[in-house]
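**Student:**
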């Protein structure tokens with residue numbers, strides 16, 4: 001049986017990853033392509049995920065008060081617990097679509113470091129995740145490029161919507177709520193897209209406005225048609 005592909009959809013917060021994965025899943029179903037979807041971090045599935053939730057809600061302090069290396073270990077722990085499941089799906093010939101993967105930690109934790117320390121961190125994280133933990137390497141990454149200000153508005157929504165969400169128990173995420181962090185993470189994502197193999201950048205903006213989900217999805221499907 002032919003081994004499946006591991007496709008990562010990534011980008012800063014509010015770039016539309018979940019929307020695009022849902023549209024991709026719909027297309028795969030219509031084409032009868034066997035697939036599975038996994039989204040990281042998995043907040044409720046394990047203790048790593050619960051600790052990540054606490055970090056993002058600011059319980060460990062602000063971004064500048066936390067150690068990116070230690071926080072990266074939490075995200076890595078969540079992923080390694082999914083390793084056998086992902087490998088099983090791939091061995092069954094399924095296409096696995098991951099909403100965020102190792103690249104997300106490189107961008108978001110790297111954004112918490114000074115520029116001169118990022119290359120060393122990324123090298124360390126590759127060693128930890130792929131060699132020590134034995135995660136399967138992604139076959140291709142789709143990077144959704146978006147204006148960070150637009151992404152932030154997408155996540156937080158209008159004030160009235162945000163107030164309702166907070167009353168319902170949804171707290172603002174220290175990454176989502178920090179525009180400077182999103183801008184830095186976006187720069188790291190773009191830098192990786194130029195250095196890493198099999199990265200494809202989909203620009204979600206046109207003339208300062210967000211493209212429709214359907215137009216973005218069509219661009220993604222055109223990329224995948226050349227590969228799958």
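Residue numbers (UniProt numbering): 1 to 228. Note that the Cβ used here is the ideal one computed from N, Cα and C, for glycine as well. In this text the structure is predicted, and so the values were computed from the model without any measurement.
Given this structure, state the Cα-to-Cα distance separating residue 154 from residue 14, to the nearest angstrom.
**Tutor:** Working through the chain shown from its first residue, we reach residue 154 at position 154. Working through the chain shown from its first residue, we reach residue 14 at position 14. One C-alpha to the other measures close to 5 Å.
**Student:** In chain order, what residues of the same chain have a beta carbon less than 6 Å from the beta carbon of residue 223, not counting five sequence neighbours either side?
**Tutor:** For this step, residue 223 is matched to residue 223 along the chain shown. 200, listed in sequence order.
**Student:** Could you have a look at residue 198 and say whether DSSP puts it in helix, strand or coil?
**Tutor:** Position 198 of the chain shown, counted from the first residue, corresponds to residue 198. In the three-state reduction of the DSSP assignment, residue 198 falls in the coil class, being assigned neither a helical nor a strand state.
**Student:** For residue 90, which residues in the same chain have their Cβ closer than 7 Å to its Cβ, ignoring the five residues on either side in sequence?
**Tutor:** For the purposes of this step, residue 90 is identified with residue 90 of the chain shown, where counting begins at 1. Answer for residue 90: 3, 4, 6, 96, 136, listed in chain order.
**Student:** Starting from residue 132, trace the beta strand (DSSP E) in both directions and tell me its first and last residue.
**Tutor:** The residue given as residue 132 occupies position 132 in the chain shown. Taken as a continuous stretch (DSSP letters only), residue 132 belongs to no beta strand (DSSP E), as it is neither H nor E.
**Student:** By Cβ distance below 7 Å, which residues in the same chain neighbour residue 193 in space, the five residues on each side in sequence not counted?
**Tutor:** Here residue 193 corresponds to residue number 193 of the chain shown, with the count starting at 1. Only 143, 199, 201 meet the Cβ criterion.
**Student:** Taking all protein chains shown into account, decide if residue 134 is buried (16 or more other Cβ within 10 angstroms of its Cβ) or exposed.
**Tutor:** On the chain shown, residue 134 is found 134 positions in, with the first residue counted as 1. Counting Cβ neighbours within 10 Å, residue 134 comes out exposed, since fewer than 16 surround it.
**Student:** Who are the near neighbours of residue 39 in its chain, counting only those whose CB is closer than 6 Å to its CB and skipping five residues on each side?
**Tutor:** In the chain shown, residue 39 corresponds to position 39, counting from 1. Within the same chain, residue 39 has close Cβ partners 99.
**Student:** Which residues share a DSSP beta bridge with residue 36?
**Tutor:** Your numbering for residue 36 matches position 36 in the chain shown. Bridge partners of residue 36: 96.
**Student:** Once you ignore the five residues that flank residue 106 on each side, which residues in its own chain have a CB closer than 7 Å to its CB?
**Tutor:** One-based indexing of the chain shown puts residue 106 at position 106. For residue 106, where only same-chain residues beyond five positions count, the Cβ hits under 7 Å are 122, 125, 188, 192.
**Student:** Short of 7 Å in beta carbon distance, which residues of its chain neighbour residue 46, apart from the five on each side in sequence? Order them along the chain.
**Tutor:** As a working mapping, residue 46 is identified with position 46 in the chain shown. Closer than 7 Å at the Cβ level, and outside the excluded window around residue 46, lie 78, 81.
**Student:** Please report how far the alpha carbon of residue 84 lies from the alpha carbon of residue 94, in whole angstroms.
**Tutor:** Along the chain shown, read from residue 1 onward, the residue named residue 84 stands at position 84. Along the chain shown, read from residue 1 onward, the residue named residue 94 stands at position 94. Taking the straight line from one Cα to the other gives about 14 Å.
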